[in-house]
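Novice: The structure is given below, and queries will be raised subsequently.
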Amino acid sequence: MFSGGRDALFGGRGQQPPPPQSSRQPGQPPRQPPPQQRQAPPYGQDPRGHGQHDMRPQQPPGGSFGLKTVRSPNDKYTFSNLCAVHSSNIPPSRDGSDLYLLIKGKYVLSALPTNDPKLEPGTIGLSDPQRTWMQAAVNDVLDVQPYDPFSQGARSYLGNMDVEVGFAGRKTPSDPYDQDELAQAFVHTFRNQIFAPGQQAMMDFKSVPLRMTVRTVELVDIASLNAAGGGEQMTSPQARGIITPETSINFFKDAKSQINLRGSNRRPAANSVIRPDFKFEDMGIGGLDKEFSDIFRRAFASRIFPPGLAEKIGIQHVRGILLYGPPGTGKTLIARQIGKMLNAREPKVINGPEVLNKYVGQSEENIRKLFADAEKEQKEKGDESGLHIIIFDELDAVCKQRGSGAGGGTGVGDSVVNQLLSKLDGVEQLNNILLIGMTNRKDMIDEALLRSGRLEVHMEISLPDEGGRAQILKIHTTKMRENGKMARDVDIQELAKLTRNFSGAEISGLVKSASSFALQRHIKGGTVAALSDDINEMQITMADFLGALEEVKPLFGVSEEDLERAVEGGIINFSEHIDKILKNGRDFINQVRSNTTPLLSVLLHGPRGSGKTALAAQIAMNSEFPFIRLVRPVDMVGMNEIQKIQHLSKVFTDAYKSPLNVLVLDNIELIVDWVPVGPRFSSAVLAAIKGLMENKPPKGRPLLILATTSERSVLQQLQLNFKAQIAVPNVRTQRELGTLMRESGQFPPAEIDRAIKEIAETTGSDEIGVGVQQVLLGIQTAMQDEDRTGRFAEVISEAINDAKVY
1 MFSGGRDALF
11 GGRGQQPPPP
21 QSSRQPGQPP
31 RQPPPQQRQA
41 PPYGQDPRGH
51 GQHDMRPQQP
61 PGGSFGLKTV
71 RSPNDKYTFS
81 NLCAVHSSNI
91 PPSRDGSDLY
101 LLIKGKYVLS
111 ALPTNDPKLE
121 PGTIGLSDPQ
131 RTWMQAAVND
141 VLDVQPYDPF
151 SQGARSYLGN
161 MDVEVGFAGR
171 KTPSDPYDQD
181 ELAQAFVHTF
191 RNQIFAPGQQ
201 AMMDFKSVPL
211 RMTVRTVELV
221 DIASLNAAGG
231 GEQMTSPQAR
241 GIITPETSIN
251 FFKDAKSQIN
261 LRGSNRRPAA
271 NSVIRPDFKF
281 EDMGIGGLDK
291 EFSDIFRRAF
301 ASRIFPPGLA
311 EKIGIQHVRG
321 ILLYGPPGTG
331 KTLIARQIGK
341 MLNAREPKVI
351 NGPEVLNKYV
361 GQSEENIRKL
371 FADAEKEQKE
381 KGDESGLHII
391 IFDELDAVCK
401 QRGSGAGGGT
411 GVGDSVVNQL
421 LSKLDGVEQL
431 NNILLIGMTN
441 RKDMIDEALL
451 RSGRLEVHME
461 ISLPDEGGRA
471 QILKIHTTKM
481 RENGKMARDV
491 DIQELAKLTR
501 NFSGAEISGL
511 VKSASSFALQ
521 RHIKGGTVAA
531 LSDDINEMQI
541 TMADFLGALE
551 EVKPLFGVSE
561 EDLERAVEGG
571 IINFSEHIDK
581 ILKNGRDFIN
591 QVRSNTTPLL
601 SVLLHGPRGS
611 GKTALAAQIA
621 MNSEFPFIRL
631 VRPVDMVGMN
641 EIQKIQHLSK
651 VFTDAYKSPL
661 NVLVLDNIEL
671 IVDWVPVGPR
681 FSSAVLAAIK
691 GLMENKPPKG
701 RPLLILATTS
711 ERSVLQQLQL
721 NFKAQIAVPN
731 VRTQRELGTL
741 MRESGQFPPA
751 EIDRAIKEIA
761 ETTGSDEIGV
771 GVQQVLLGIQ
781 TAMQDEDRTG
791 RFAEVISEAI
801 NDAKVY
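Position 572 of the sequence shown, counting from 1, maps to 572 under full-length UniProt numbering, and the rest follow consecutively.
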């Protein structure tokens with residue numbers, strides 16, 4: 001095999017010995033190479049010796065022409081990345097400079113004319129990497145024309161290159177390759193050639209053929225060669241540039257190759273896990289920019305910096321990440337997409353329940369198998385080992401608290417946790433693994449797994465904010481927008497506002513539901529599957545999305561139906577007390593929204609039927625907080641004490657997942673099972689409510705608790721304290737009663753006066769003292785009688801007299 005690169009062609013222009021270091025000052029043109037080296041004319045030098053010119057190399061005359069593809073005549077061309085052309089087709093340049101050819105209109109190679117008898121006129125010799133890059137087969141006729149490297153402007157030189165390297169043949173030495181030495185050989189071998197992202201080339205290095213693949217380039221002008229770096233890393237195949245001695249080469253290991261690259265103090269890690277051309281937007285996940293940045297900083301940043309620098313700092317790589325949060329927020333999707341950003345082997349993905357096995361010891365064996373490959377490579381290659389990533393979904397299924405009885409009392413769950421701990425942070429520590437665990441229930445995971453050195457990075461994947469929801473909506477509507485299937489009236493930003501507390505999965509369901517409404521319009525009437533003739537004109541409109549919002553409800557959102565049922569008929573401001581209660585409620589809302597008081601509990605107390613629940617629900621809805629939940633005693637019918645405590649704990653935990661939260665605890669004395677006979681109550685539920693109400697929410701997740709009760713004295717005896725209290729009185733005066741009758745629209749003014757007069761005569765008092773619910777019920781009862789006024793006066797009088805008796 002030929003191992004001299006272009007030496008044999010150019011009389012000494014090979015990779016050994018390495019080129020001398022440049023001693024020119026910044027801003028000066030590069031020093032001319034020795035005269036015996038054949039190359040393109042030095043920067044700015046006329047090959048004829050007449051001073052400065054426009055730096056355009058000599059090109060063969062004529063326009064485009066066709067040449068038949070054949071294999072390279074010999075290894076000299078293969079390992080120098082040159083294409084071979086017959087001298088009768090393209091004569092050599094007068095000064096011996098490189099000739100650049102544009103092939104198929106988008107690929108550029110340096111050409112070397114030859115009279116080699118193996119190459120017939122009318123053919124072009126291309127190596128296997130060149131043909132692969134150009135997607136050309138042997139005997140294909142390719143369009144070829146001269147190329148001017150300065151046609152794309154002044155930025156025609158390569159400042160930086162990211163190159164992926166791997167073995168090209170069966171010979172795979174285990175000794176690591178020095179990046180700096182490899183970069184010198186690369187620049188020396190391919191000097192003055194043009195490279196572009198995606199281009200493949202072969203290089204003979206120490207008698208071992210290596211395959212090089214360009215991933216990204218940074219284009220600069222001649223004045224910026226010394227200041228290369230910090231520019232835009234380009235991945236477009238049209239981003240071509242000339243390689244110079246000042247070009248900086250960054251090598252990355254080919255994931256499919258066994259090559260080992262020795263790290264340096266100047267270059268990134270040879271086995272870096274992050275692809276050099278990776279961008280976060282390529283992952284197609286919206287609303288998680290901060291989370292991705294944090295994951296990258298905590299788990300991957302130390303792995304892309306030079307290993308020598310990491311060794312000087314004395315840090316160890318993170319070996320475990322825990323992603324937790326509500327269902328549908330994208331935890332599993334993140335883990336799936338992480339493979340796209342990795343320059344390593346394919347991650348191992350396993351679901352928690354798949355680990356468990358009915359045979360004794362088999363579950364632990366399944367854990368050991370996950371780490372077997374990493375252990376083997378760690379022993380063989382040490383620090384040069386590649387990264388092994390294990391993605392563990394539904395981690396809580398097998399890693400519950402030890403001693404909790406998980407595994408049916410057999411102790412399998414405890415053994416699995418112990419086995420996982422020994423692999424993550426045991427006596428023989430593995431530095432080439434990254435375990436990514438996912439769960440909806442972080443509280444169920446054994447605490448030993450969450451300590452430093454194990455799953456030490458805890459990343460909450462929470463519900464997306466408005467900006468995140470807009471990103472997710474754009475991602476899920478990309479195809480319909482690109483194909484003209486989304487109407488112009490669809491407002492993504494407005495939909496992002498309307499989808500408060502929607503998870504990513506729920507937004508995906510919303511888009512599907514909206515599409516179903518649009519599809520339904522194009523089904524012929526009276527049929528189930530017959531499509532209308534205008535199906536190709538189908539578009540999803542804003543009305544379709546609004547219709548979808550009526551049927552797709554967020555799991556962690558507002559209990560709209562329960563709240564609307566509690567405020568059925570609306571709030572009637574029959575008294576100045578109602579306005580004052582609503583104003584106090586607005587003040588409490590602003591107090592929580594501004595995070596002045598991150599946890600505020602308010603008790604609305606008053607007689608039964610005075611409208612406490614309706615007022616609490618109205619205050620909650622006026623807040624427009626993304627999370628509002630109404631907790632009622634009827635929701636816990638049939639639950640024992642433990643189940644009630646678990647239900648309440650889940651409600652409060654759900655509230656902590658939203659940026660602003662309101663909980664309405666209706667009839668709180670019934671929630672604690674208080675009954676007047678005895679009296680009796682559940683001390684366990686009472687203790688749980690006290691603890692939950694006094695426990696401050698996480699930072700940035702303020703919580704407003706609105707509780708209602710008709711037994712204020714009972715709560716005082718139970719020492720259930722609130723930070724603020726609002727009294728909700730009954731209908732007390734005749735004026736307030738008249739206002740309620742007038743607002744109902746069922747009584748003319750004269751009849752209102754008659755009813756009030758009859759009530760006063762029957763009860764012998766001007767005081768009313770009846771709850772607003774009783775008054776509204778009286779109005780509904782009176783509507784069924786011919787004499788509405790008389791019937792209403794009768795019902796209300798009975799209610800007033802009953803209130804006096806009891």
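Each residue gets a CB set at the ideal place from its N, CA and C atoms; glycine is no exception.
1) On the DSSP bridge assignment, give the partners of N250 in chain order.
2) Assuming G738 is part of the alpha helix (DSSP H), what are its boundary residues?
3) Closest by CA to E346, which one among K369, L704, A514 and H388?
4) Which residue or residues does DSSP assign as beta-bridge partners of R680?
5) On a CA-only basis, which of K106, L101, G105 and Y107 is nearest P113? Give me that one, please.
6) Tell me the DSSP secondary structure of S363 in three-state form.
7) Cα separation between S665 and M486?
8) Measuring alpha carbon to alpha carbon, tell me which residue in M212, V770 and L219 is nearest R155.
9) Do you know whose CA, among L395, I90 and D148, lies nearest F356's CA?
10) Can you tell me the Cβ-Cβ gap for N432 and A374, rounded? I've got them flagged as a contact below 8 Å.
11) In three-state terms, what does DSSP make of P33?
12) In whole angstroms, what is the alpha-carbon distance linking L473 and I492?
13) Which residue marks the beginning of the beta strand (DSSP E) containing K650, and which one marks its end?
14) What three-state label does DSSP hand Q130 in the structure shown?
15) Mind listing, in chain order, the continuous beta strand (DSSP E) runs of no fewer than 3 residues lying wholly within the stretch 589–623?
16) For V675 and A655, what's the separation of their Cα atoms in angstroms?
17) Are L663 and V631 closer than 8 Å when you measure CB to CB?
18) In terms of DSSP beta bridges, what is A724 paired with?
19) For G105, does the count of other Cβ atoms within 10 angstroms reach 16, so buried, or fall short, so exposed?
20) Kindly indicate which residue of T235, L109, M480 and L776 has the alpha-carbon position closest to the one of N149.
21) Among the residues of its own chain, which have a CB less than 7 Å from the CB of S575, if the five just before and after it don't count?
22) Excluding sequence positions up to five away, which residues of its chain have a Cβ less than 6 Å from the Cβ of E447?
23) Could you check what DSSP says for Y147 in three-state terms: helix, strand or coil?
24) Can you tell me whether DSSP reads residue 836 as helix, strand or coil?
25) Helix or strand or just coil, what does DSSP make of M538?
26) Whole angstroms is fine: what's the gap from N418's alpha carbon to C399's?
27) Tell me whether the beta-carbon of F205 lies closer than 8 Å to the beta-carbon of A185.
28) Determine whether the beta carbon atoms of K723 and S601 lie at a separation below 8 Å.
29) Quick check: the stretch 723–734 against the stretch 558–571, are at least 3 beta-carbon pairs closer than 8 Å?
30) Could you pull the start and end residues of the beta strand (DSSP E) that D393 belongs to?
31) Could you pull out every residue in the same chain whose Cβ sits closer than 6 Å to the Cβ of S87, ignoring the five residues on either side in sequence?
32) In three-state DSSP terms, what is I338?
33) For E218, report the span of its beta strand (DSSP E) as first-last.
34) Pull the bridge partners of C399 from the DSSP assignment, please.
35) Return yes when the Cβ of A335 is within less than 8 Å of the Cβ of I194, no when it is not.
36) List the whole-angstrom C-beta distance separating I295 from I313, where the pair is believed to meet the contact cut-off of C-beta under 8 Å.
Specialist: In this structure, then:
1) Beta-bridge analysis with DSSP links N250 to D162.
2) Note, G738: alpha helix (DSSP H), Q734 to S744.
3) Residue H388 is the option with its Cα nearest to E346.
4) Beta-bridge analysis with DSSP links R680 to V675.
5) Ranking K106, L101, G105 and Y107 by Cα distance to P113 puts L101 first.
6) S363 sits in a helix when the DSSP states are folded into three classes.
7) Checking the displayed sequence, the identity of residue 665 turns out to be Leu instead of Ser. Rounded to whole angstroms, L665 to M486 spans 43 Å at the Cα level.
8) Looking at the Cα atoms, L219 is the closest of the given residues.
9) Strictly speaking, residue 356 in this sequence is Leu, with Phe absent from that position. Sorting L395, I90 and D148 by C-alpha distance to the C-alpha of L356 places L395 at the top.
10) About 5 Å; that satisfies the 8 Å criterion.
11) Caution is warranted here: a pLDDT of 37 is assigned to P33, below 50, making its placement in the model unreliable, and no coordinate value can be reported.
12) Between L473 and I492, the alpha-carbon positions lie close to 7 Å from each other.
13) Judged by DSSP secondary structure, K650 falls outside any beta strand (DSSP E) and instead within the alpha helix (DSSP H) spanning E641 to A655.
14) Under the three-state reduction of DSSP, Q130 is assigned to helix.
15) Within the stretch 589–623, the complete beta strand (DSSP E) runs of at least 3 residues are 599–605.
16) Their backbone Cα atoms lie some 29 Å apart in a straight line.
17) In contact: L663 and V631 (Cβ atoms closer than 8 Å).
18) DSSP links A724 through a beta bridge to V602.
19) Exposed, because fewer than 16 other Cβ atoms sit within 10 Å of the Cβ of G105.
20) For the record, residue 149 in the displayed sequence is Pro; it is not Asn. Measuring from the Cα of P149, the nearest candidate turns out to be L109.
21) The answer, listed in chain order, is E736.
22) Annotation for E447: no residue places its beta carbon closer than 6 Å to its own, counting only its chain and skipping 5 residues before and after.
23) DSSP, reduced to helix, strand and coil, places Y147 outside both helices and strands of the structure shown, so it counts as coil.
24) Within the shown structure, residues of the chain are numbered from 1 to 806, placing residue 836 beyond reach of any answer.
25) Of the three classes helix, strand and coil, the one that applies to M538 here is coil, per DSSP.
26) Taking the straight line from one Cα to the other gives about 9 Å.
27) Yes. Within cutoff.
28) Cβ distance < 8 Å, so K723 and S601 count as in contact.
29) With fewer than three CB-CB distances shorter than 8 Å, the stretch 558–571 does not count as touching the stretch 723–734.
30) H388 to D393 is the extent of the beta strand (DSSP E) around D393.
31) P113 and N115, listed in sequence order.
32) Reduced to three states, the DSSP call for I338 is helix.
33) Element bounds for E218: V208 to V220.
34) None, per the DSSP bridge assignment.
35) In terms of Cβ geometry, I194 and A335 do not form a close pair [threshold 8 Å].
36) So it is not a contact: roughly 20 Å between Cβ atoms.
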